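First residue of the sequence shown? That's 0 in numbering that gives the first Met the number 0, and the numbers climb one at a time after it.
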Amino acid sequence: MSTEQLTASAPTFGGATVTVTGLYHYPIKSCADTALSAATLDPRGIRHDRELMIVDAATGKFLTQRELPRIALIAPRLTASELSVTAPGVGALTVPIVTTGTTQQVVVWRDTCDAVDQGDEIAGWLGAFLGRDCRLVRMADDFVRTVDQTYATSPADQVGFADGFPCLLIAQESLDDLNTRLAEPLPMDRFRPNIVISGGAPFGEDRVASLRIGDMVFHATKACTRCQITTVDQATGETGKEPLRTFAAFRRVKRGVLFGQNLIHATTGTIRVGDPVEALAAKEPER
Numbered sequence: 000m001s002t003e004q005l006t007a008s009a010p011t012f013g014g015a016t017v018t019v020t021g022l023y024h025y026p027i028k029s030c031a032d033t034a035l036s037a038a039t040l041d042p043r044g045i046r047h048d049r050e051l052m053i054v055d056a057a058t059g060k061f062l063t064q065r066e067l068p069r070i071a072l073i074a075p076r077l078t079a080s081e082l083s084v085t086a087p088g089v090g091a092l093t094v095p096i097v098t099t100g101t102t103q104q105v106v107v108w109r110d111t112c113d114a115v116d117q118g119d120e121i122a123g124w125l126g127a128f129l130g131r132d133c134r135l136v137r138m139a140d141d142f143v144r145t146v147d148q149t150y151a152t153s154p155a156d157q158v159g160f161a162d163g164f165p166c167l168l169i170a171q172e173s174l175d176d177l178n179t180r181l182a183e184p185l186p187m188d189r190f191r192p193n194i195v196i197s198g199g200a201p202f203g204e205d206r207v208a209s210l211r212i213g214d215m216v217f218h219a220t221k222a223c224t225r226c227q228i229t230t231v232d233q234a235t236g237e238t239g240k241e242p243l244r245t246f247a248a249f250r251r252v253k254r255g256v257l258f259g260q261n262l263i264h265a266t267t268g269t270i271r272v273g274d275p276v277e278a279l280a281a282k283e284p285e286r
C-alpha cells in the first residue's frame, strides 16, 4: 500500500466510543508482560515498567530478544520488595529487590544510565537459562534518563529502561487489520504495548496528536518503528519473517515500518481498563 493509501486508512477516533481494553507492564526489559487492571504512572511511565534490565556482564550493554529470543520466555513478577522469575525447564526463583548500594553504568541504546546490580543469585539463574554471562540491574532511583528532546514535550520528560518513551499504545482494530493480511494471525503480545484501546478505526491512533485516557492526558509524539522483536513468538521464543514482511507492503515510511504510537504523559496518575479514550488533537501520519 502506498503512503497515500496509508494516510487515507488512518482516520481519527471520530465519534466512536473508544475505551482501554488492556494494560501491561514489563518488569524486566524484553521479558514477558504482566497484565494490569489499573496502571499508575509515575514520572518514568507505568510503575515498574522496564524497571529492571539484563545486561552483558563484561560491557554493561543491554540484552534483549534481538540477540537472545529466549528472553521472551522469562516471566517476571515484581512487587515493591521482591522479584520472582519463572521460565520453561528451570526452577522458579524469588529474590529481594536491591534499591541501594554502589551504582554502575549500563548502556541502553545511546544512553548511559546509573543502575544497581541485583546480585549473583539472579545473575546466575539468568545466565544458566540464557547461556550468556549477564547481570540484572535496576535503574537507580535518583537517575534521570530523559526522553530524546527531538520528541519530548518538555525537558523534564523521562523514561526508565524502555527503548525511548514511557508508553506504547496500539488499537485492537489495527492488529485486526494486520491479521487480515497474514496467513496466520498474531496476538497482541508480539507488539509489547502498554495500552491497548478498542472501538475506533484501524490505525486511528496514527492521526492522534494528544488524547485523554480517563483523567490523564497523553501526547503521541512519535510513531513506533518496529524491529525484529515482532518476529519472535512470545510463547516459544521461535523467530520467523512475519509481521515485518507484511508490514513492509503497507506500513513502510522513510524511517521504517510503523505500528503503534509512543506516548508521553502530561501528569502522573492512574488509568484503568474500561477508561474512556478521547482524541484531543489530530496530526498527519508520518510519510
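Backbone N, C-alpha and C define an ideal beta-carbon position, used for all residues, glycine too. Just so we're clear, the structure is a prediction, and the values are computed from it rather than from any experiment.
- Contact check for residue 284 against residue 18 fails: the beta carbons are separated by 7 Å or more.
- In the DSSP assignment, residue 162 falls outside any alpha helix (DSSP H), carrying neither H nor E.
- Distances from the alpha-carbon of residue 139 to those of 160, 180 and 36 put 160 closest.
- Counting only residues of its own chain and dropping the five nearest sequence neighbours on each side, residue 87 has a CB closer than 8 Å to the CB of 72.
- In this structure the region 230-239 touches the region 53-70; the number of beta carbon pairs closer than 8 Å is three or more.
- Within a 10 Å sphere around the beta-carbon of residue 75 sit 16 or more other beta-carbons, which makes this residue buried.
- When rounded, the separation of the alpha-carbon atoms in residue 227 and residue 191 is 12 Å.
- Listed in chain order, the beta strand (DSSP E) elements of length 3 or more contained wholly in the region 173-202 are 194-197.
- Excluding its 5 nearest sequence neighbours in each direction, residue 125 has C-beta neighbours in its own chain below 7 Å: 53, 133 and 135, listed in chain order.
- Residue environment for residue 50: buried (at least 16 other C-beta atoms within 10 angstroms of its C-beta).
- Residue 137: member of the beta strand (DSSP E) spanning 133-138, first to last residue.
- By the neighbour-count definition (other C-beta atoms within 10 Å, threshold 16), residue 44 is a buried residue.
- Taking residue 142 as the centre and dropping the five residues before and after it, the same chain places the C-beta of 112 and 113 closer than 7 Å to its C-beta, in chain order.
- In the displayed model, residue 273 falls within coil according to three-state DSSP, outside both helix and strand.
- Our two residues, residue 232 and residue 189, have alpha carbons roughly 7 Å apart in a direct line.
- One thing to note: residue 225 has its Cβ no nearer than 7 Å to the Cβ of residue 272.
- The count of Cβ pairs closer than 8 Å, one atom from the region 18-35 and one from the region 243-255, stays below three, leaving the stretches out of contact.
- Minimum Cα-Cα distance from residue 200 among the listed residues 155, 148, 98 and 170 corresponds to 170.
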